[in-house]
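Visitor: Mind looking over this structure? Questions follow.
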Ligand code: FES
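In this note's numbering, the protein residues as written are 20 to 167.
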């Protein structure tokens with residue numbers, strides 16, 4: 020390669036690289052990276068009297084997101100006299116876990132993830148515990164909060 024060909028190639032590489040960098044920067048500044056923060060809305064799932072006195076109760080309920088009615092479920096848990104609500108979404112890849120009463124564990128059917136009654140990981144690939152969902156009890160009903 021002679022000097023002229025080398026300079027020509029170097030100039031082409033320089034301007035191509037500069038164009039790619041400039042285009043990437045322009046895209047980064049023009050793309051709306053603001054992820055719309057979703058508000059927590061509360062949905063009634065059961066009567067207060069139905070909150071388990073001990074153990075886990077699976078509740079299914081409907082909620083509305085962007086004019087669509089969706090079904091979901093959650094686990095209402097009373098463990099050591101502390102009530103909390105766990106999301107059924109496995110923290111590995113998002114499959115829905117099930118409560119196994121005899122084993123006293125939440126089991127994920129996809130890759131064998133296991134969680135204890137508090138949602139802590141016991142085994143398998145999940146990187147984090149099950150998410151605790153906000154809830155409140157009002158006027159005799161238990162409401163579970165979801166970001167919609
Ligand atoms: S999605 Fe639950 S273990 Fe993989």
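C-beta atoms are modelled at their ideal positions from N, C-alpha and C, and glycine is treated no differently.
Just confirm the distance between the C-beta atoms of residue 140 and residue 127, as a whole number of angstroms; I'd bet it's less than 8 Å.
Guide: Counting from 1 along the chain shown, the entry for residue 140 is found at position 121. Counting from 1 along the chain shown, the entry for residue 127 is found at position 108. Going by Cβ atoms, the distance from residue 140 to residue 127 rounds to 10 Å, so no, they are not a contact pair.
Visitor: Count the CB pairs spanning the region 140 to 150 and the region 101 to 110 that are closer than 8 Å, and state whether there are at least three.
Guide: Judged by Cβ distances under 8 Å, the region 140 to 150 makes contact with the region 101 to 110, as three or more pairs qualify.
Visitor: On the CB-based measure, 16 or more other CB atoms within 10 Å of its CB, does residue 38 come out buried or exposed?
Guide: Within the chain shown, residue 38 is the residue found at index 19, counting from 1. Exposed.
Visitor: In whole angstroms, give me the CA-to-CA distance for residue 88 and residue 78.
Guide: Here residue 88 corresponds to residue number 69 of the chain shown, with the count starting at 1. Here residue 78 corresponds to residue number 59 of the chain shown, with the count starting at 1. The alpha-carbon atoms of residue 88 and residue 78 are separated by roughly 16 Å.
Visitor: Quick one: is the Cβ of residue 111 within less than 8 Å of any heavy atom of the ligand FES?
Guide: To locate residue 111, count along the chain shown from 1; it is residue 92. Yes - the ligand FES has a heavy atom lying nearer than 8 Å to the Cβ of residue 111.
Visitor: Residue 96 bridges to which residues according to DSSP?
Guide: Along the chain shown, one-based indexing puts residue 96 at 77. DSSP lists 75 and 103 as partners of residue 96.
Visitor: Using a Cβ-based criterion (distance less than 8 Å to any ligand heavy atom), does residue 130 qualify as near the ligand FES?
Guide: By one-based count along the chain shown, residue 130 stands at place 111. Yes.
Visitor: For a quick check, are the C-beta atoms of residue 69 and residue 161 less than 9 Å apart?
Guide: In the chain shown, residue 69 corresponds to position 50, counting from 1. In the chain shown, residue 161 corresponds to position 142, counting from 1. Against a cut-off of 9 Å, the Cβ pair of residue 161 and residue 69 comes out as a contact.
Visitor: Leaving out the 5 sequence neighbours to the left and right, which residues in its chain are closer than 7 Å to residue 72 when beta-carbon positions are compared?
Guide: Numbered from its first residue, the chain shown carries residue 72 at position 53. Here the set comprises 97.
Visitor: Buried or exposed for residue 93, please, with buried defined as at least 16 other CB atoms from any protein chain shown within 10 angstroms of its CB.
Guide: For the purposes of this step, residue 93 is taken as residue 74 along the chain shown, with counting starting at 1. The residue in question, residue 93, is buried, as its Cβ has 16 or more Cβ neighbours within 10 Å.
Visitor: Measuring alpha carbon to alpha carbon, tell me which residue in 123, 155, 137 and 145 is nearest residue 131.
Guide: Numbered from its first residue, the chain shown carries residue 131 at position 112. Out of 123, 155, 137 and 145, 145 has the C-alpha closest to the C-alpha of residue 131.
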